[in-house]
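Quick notes on the structure that follows.
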C-alpha cells in the first residue's frame with residue numbers, strides 16, 4: 009500500500025499502536041506492520057516526525073529511558089490521546105461503512 | 722552496534738539528515754538521537770533475521786563475512802528508514818511550528834520588559850506629570866502622533882504572538898494542518914514589535930528635538946538600547962520565519 013493512501017489516517021493508527029502500552033518508535037513501526045499484515049510499509053523515518061506532532065498536540069507523552077542497554081524515546085498515550093483514538097475509531101467506522109456500502113456491488117433484483 | 726562499517730553507515734546517514742534539519746542544535750541533537758536509536762533497532766532486527774535464517778551457521782563462522790553482513794544490515798535499515806531528504810522534510814512542519822512558538826514566546830516575554838524600561842524613562846523624565854495626553858503636548862508634534870501607530874504596532878504584535886503560541890501548542894490537535902500559518906503569524910508579530918520600536922524611537926527623537934533637557938539620560942538610553950536590540954532581533958526573527966514559511970511551500 010502506498011504511503012499516500014495513509015494520509016489522514018496515520019495519526020489514528022499511531023495512537024492505536026500505543027493503545028496496548030508504551031512503545032518506542034521502532035516498536036511502533038513494527039506494530040503497524042504486524043497489525044496490517046505488512047500492508048502499511050511506510051519509510052520508518054517518517055513516523056518520528058508524526059510522533060513529535062502527536063506529542064506537541066498532547067496526545068502522546070514521550071520520555072527518554074534506557075531499554076535493553078540503549079537509550080530510547082518511549083511514547084505512551086495521554087488521556088487526551090485515548091479520547092482522540094475513540095473519536096477516530098468512531099469516525100472511521102462511519103466512513104468505512106459508507107464507502108463499503110457504495111463500493112460493494114448491489115444485489116441483483118430478483119425477477120420472476 | 723556502535724562501530725564498524727555498519728556503524729559508520731548509520732552515522733553517515735544521520736549526518737546527512739542532520740545537515741538538512743533546520744533546527745536549533747539542541748533540538749537537532751534530540752531528533753538525531755531518536756533516529757539513531759531507531760536505526761540501531763532496525764539494524765538489530767535485520768541481524769536477528771539473518772542469524773535465524775537458513776545460512777546462519779555459515780555466516781556466523783566467517784569473520785570476514787561478518788563485517789560485510791553488518792554493513793548489509795545497516796544498509797537495509799537505512800533503506801527502510803527512507804531518503805535523508807524525505808526524513809528531514811517530514812520534520813520540517815514541526816520544526817517550523819517550534820520556531821514560530823519560540824519567536825512568539827520571546828516577544829511576549831521581552832515586550833513587557835522593554836515597555837517597562839520606556840515607562841521608567843518617561844516617568845523619570847517627568848513626562849507623566851503632564852496633564853494632557855501625548856498627542857496634545859505643546860511643541861511635540863509630529864512625533865507625539867506616533868502614539869497611534871505605536872499602539873497599533875503593539876496591539877498587532879501582542880495579538881499575533883498570542884495567537885501563534887495558542888496555535889502551536891495543544892490546540893494543534895483541533896486545528897487544520899496548515900504548517901505555514903504559524904511562521905506567518907510569528908513574522909507579523911516580529912514585524913509588529915520592530916514597528917513599535919521604530920515608533921518609540923520617533924517619539925524619543927521628537928522629545929529630544931523639543932525639550933532635550935527634560936529627558937532623564939540614563940533611563941532613556943537604557944530604553945533606547947533595549948529597543949535597538951529588540952528591533953534588530955525581532956526583525957531578523959521575522960525574516961527567518963518568512964524564509965521558513967517559504968520553504969514550506971509544498972505543504
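Protein chains in written order, with my numbering: chain W, 9 to 120; chain H, 722 to 972.
Glycine is no exception: its CB is placed at the ideal position from the N, C-alpha and C atoms.
These figures come from a predicted structure and were not determined experimentally.
| Item | Value |
| --- | --- |
| Which residues in the same chain as residue 886/H place their Cβ atom closer than 8 Å to its Cβ, once the five residues preceding and following it in sequence are excluded? | 822, 825, 826 and 829 |
| Can residue 800/H and residue 763/H be called in contact, C-beta distance under 7 Å? | no |
| Look at the Cβ atom of residue 757/H, then the Cβ atom of residue 66/W, and state whether they are nearer than 7 Å. | no |
| Does the beta carbon of residue 762/H sit closer than 7 Å to a beta carbon anywhere in chain W? | yes |
| Taking Cβ-Cβ distances below 7 Å as the criterion, which residues of the stretch 793-811 of chain H are in contact with chain W? | 801, 802, 803, 807, 808 and 811 |
| Step through the CB atoms of chain W and report whether any lies within less than 7 Å of the CB of residue 894/H. | yes |
| For residue 891/H, go through chain W and note every residue whose CB falls closer than 7 Å to its CB, in chain order. | 65 and 66 |
| Which one of 76/W, 47/W, 27/W and 115/W has the shortest CA to CA distance from residue 759/H? | 76/W |
| From 889/H, 807/H and 766/H, pick the residue whose C-alpha is nearest to that of residue 790/H; which is it? | 766/H |
| Based on DSSP bridge pairs, tell me the residues matched to residue 83/W. | 31/W and 70/W |
| In whole angstroms, what separates the C-alpha of residue 807/H from that of residue 771/H? | 28 Å |
| Going along the stretch 66-87 of chain W in order, which residues come within less than 7 Å of chain H, judged by CB to CB distance? | 66, 67, 78, 79, 80 and 81 |
| Please tell me whether residue 95/W has its Cβ less than 7 Å away from any Cβ of chain H. | no |
| Of all Cβ atoms in chain W, is any one closer than 7 Å to the Cβ of residue 849/H? | Caution applies to residue 849/H, whose pLDDT of 49 falls short of 50 and renders its modelled position unreliable; the value that the coordinates give is listed next. Taking Cβ atoms only, chain W never reaches closer than 7 Å to residue 849/H, which makes this a no. |
| Any Cβ of chain H within less than 7 Å of the Cβ of residue 57/W? | yes |
| So, with DSSP's three-state summary, where would you put residue 935/H? | helix |
| Using a Cβ-Cβ distance cut-off of 7 Å, determine whether residue 20/W contacts chain H. | no |
| Residue 845/H and residue 920/H - do their beta-carbons sit closer together than 7 Å? | no |
| Name, in chain order, the residues that DSSP records as bridge partners for residue 75/W. | 78/W |
| Grab the span of the alpha helix (DSSP H) containing residue 19/W for me, first residue to last. | 18-26 |
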